[in-house]
Structures are given as structure tokens and as C-alpha cells.
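In the UniProt record's numbering, the protein residues as written are 1 to 168.
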């Protein structure tokens, strides 16, 4: 096995996790359990460790609504989302420090995390937890009163069915 080849134990950890499917590119997996675009890239790191790069793409508020969103509302929503999504403490199985990168585009926001672990199963679990955290943070920040389109409309519907009081 070359230094850049991903160990089989990592591929098995992704396969056994149940949330990921191979992305078609070596070392990349997509999350199948989120409405958003979540991807994890894994590569060998020093001393048998594995580096996981997690990227989650979510729509901006205006891209998620059928309604017109005022610029000031969009800017405030993005600022609040950024503040909340970087406060990621306690989400992962291992105690970790994160310095996530948040990149705002015209219609989407990309949130990127990196972690390294010797335990591939814990690393895959933590990557999945980060994707779920971004989705949950997004849903918590949804502003009532707008008509949302998919995938956000589907998330809100599922939340209502799970016992939400229908406040949206």
C-alpha cells in the first residue's frame, strides 16, 4: 500500500456507518442522510492517522424561499448562521478543536471542517456528526413567515412530523 492510498479499514468504516455512499472519486463519500450536500474526503495522515475533510453546502436564505428576502434580512441571517455554525463544541465523540471555514456564495454557503484521528470509525462518526450539526443549525435558524422550497421545505415538514408544534 502506498503512502497516499487509503487503508481498507477506512473504506470499511464508511461502508459500515450507513450514512455514506462512495462519491465516485477515491477517498470521497457523500452523506445520504441529510437534505443538504455533505461530503467527506479521507486521506492518510502521519502515524497511521486519517485526515477527514468535511464539506457541507446549504442554500442561502433567499435561495431556500419562494419569497423575496430583503438584503438586510439575508445579511443578518448569514451572519447569525456563521456565528452559530462555528460554535461546534461537544458535537463529536472525541474532544476536538475546530476552526471551520465558512464561504458564502450567491446561492449557497459552504462550511468546511477538518479532523484527524487514529480511530477511523470515530473519525467517520465525527464527520457524520458535523454534517448533522450543520443541518440542525440551519433548521434552527429558519425564519418563520417565509414560504420555503426544497430541500428546506422537506426538512421543516419532517420536523413537524417528528413532534414540532408547527410554528413554521
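Here a beta-carbon is modelled for each residue, glycine too, at the ideal position from N, C-alpha and C.
Remember, it's a predicted structure, so these values are computed and weren't measured experimentally.
Asked                                                                                                                           : Found
Cut-off 7 Å between Cβ atoms - residues of its own chain near residue 154, not counting five sequence neighbours on either side : 35
Span of the alpha helix (DSSP H), counted from its first residue to its last, around residue 117                                : Careful: residue 117 lies outside any alpha helix (DSSP H), inside the beta strand (DSSP E) at 108–117.
Contact the region 53–62 vs the region 100–113: 3+ CB pairs below 8 Å                                                           : yes
Span of the beta strand (DSSP E) around residue 57                                                                              : 50–59
Spatial distance of residue 55 from residue 130 (CA atoms)                                                                      : 9 Å
N-terminal and C-terminal residue of the alpha helix (DSSP H) that residue 14 is part of                                        : 8–17
Cβ contact check for the region 121–128 and the region 3–21: 3 or more pairs under 8 Å                                          : yes
Short Cβ contact (9 Å threshold) for residue 156 with residue 142                                                               : yes
Status (buried if at least 16 other CB within 10 Å, exposed otherwise) for residue 65                                           : buried
Enclosing alpha helix (DSSP H) for residue 105 [first to last residue]                                                          : Note, residue 105: premise wrong, no alpha helix (DSSP H); not H, not E.
Nearest-angstrom Cα separation, counted from residue 75 out to residue 81                                                       : 10 Å
Presumed contact (8 Å Cβ cut-off) between residue 39 and residue 28, rounded CB distance                                        : 6 Å
Beta-carbon spacing of residue 92, residue 47 below 9 Å                                                                         : no
Counted within 10 angstroms of its Cβ, other Cβ atoms place residue 83 as buried (16 or more) or exposed                        : exposed
Continuous alpha helix (DSSP H) stretch holding residue 122: start and end                                                      : 120–140
Option in 162, 158 and 148 with minimal Cα separation from residue 69                                                           : 148
Local conformation of residue 3 per DSSP, three classes                                                                         : Below a pLDDT of 50, predicted positions are generally treated as unreliable, and residue 3, at 46, falls in that range; the measurement from the model is reported next regardless. Residue state, collapsed to three classes: coil.
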